Every structure is written in C-alpha cells, then in structure tokens.
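According to the UniProt record's numbering, the sequence shown holds residues 1 to 97 in order.
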Amino acid sequence: LFSKKFKLWLLNALEGFPALVQISKLKEVTVFVKRLRRKTYLSNMAKTMRMVLKNNRRVNVLKSDLHAIISRGALDMSQKALPSNPSSAVLETHAEM
Numbered sequence: 001l002f003s004k005k006f007k008l009w010l011l012n013a014l015e016g017f018p019a020l021v022q023i024s025k026l027k028e029v030t031v032f033v034k035r036l037r038r039k040t041y042l043s044n045m046a047k048t049m050r051m052v053l054k055n056n057r058r059v060n061v062l063k064s065d066l067h068a069i070i071s072r073g074a075l076d077m078s079q080k081a082l083p084s085n086p087s088s089a090v091l092e093t094h095a096e097m
C-alpha cells in the first residue's frame, strides 16, 4: 500500500516546484519503489520457503519431484549434486534462503 501511494504523495508534495525537480524526484522515487517491491517480494518468498522447508513431507515431495525431473534428463544436473538423504543440519544451514 505504501509503495503504491508514495509516488502520488510525492507528486502532491512537489506541486509548485520546477518541472525539472519534479521529474528528477519522480525518477528517484520510481527506482526506490521498485527496490522496495522487490525486497518485499523476496522477504515474502523467504518466509514461504522457511515454512515449506520446516515441513518434512513437503521437502520429501520437492526432492521426489526434482529427482524425477533429473531422471528424465530435463535438468542438466548430476545426481551426485543432490544427496539422497540430507541431514537436518544441512537444511538448517540453508534456512536463511
């Protein structure tokens, strides 16, 4: 909601300023809003992935699907790159993703 209304708020705040100032600030705000939306998206995706990775059943389904894709040759990746039964320590190490 903030990112959607920020541009409008800025334009209202800069009313009466020279056009060059308005254009310059609008460009900066556009970049800022894009970064904010991207970071919000990544944060939400990380929260979702944390929930998925904490659920062993879901992890096993994901592993099974990935192994099926690899066995069909759809993904150019060696079987050695994927341990068949990673320890919980390995999953915890990658929990920050």
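Each residue gets a CB set at the ideal place from its N, CA and C atoms; glycine is no exception. Since the structure is predicted, the reported quantities are computational estimates derived from the model, not experimental observations.
Quick one, are the C-beta atoms of residue i and residue j less than 8 Å apart?
{"i": "LEU14", "j": "LYS5", "result": "no"}
{"i": "VAL29", "j": "LEU10", "result": "yes"}
{"i": "SER3", "j": "ARG37", "result": "yes"}
{"i": "VAL33", "j": "LYS7", "result": "yes"}
Give a yes or no on whether 8 Å exceeds the smallest Cβ distance from residue i to chain D.
{"i": "THR30", "result": "You won't find chain D in this structure, because it holds only one protein chain."}
Taking residue i as the reference, which of the options has the closest Cα?
{"i": "LEU1", "options": "THR40, VAL31, ALA19 and VAL21", "result": "THR40"}
Q. For the region 39-68, which segments carrying the alpha helix (DSSP H) assignment without a break, of at least 4 residues, lie completely within its bounds, in sequence order?
A. None, since the region 39-68 contains no complete alpha helix (DSSP H) of that length.
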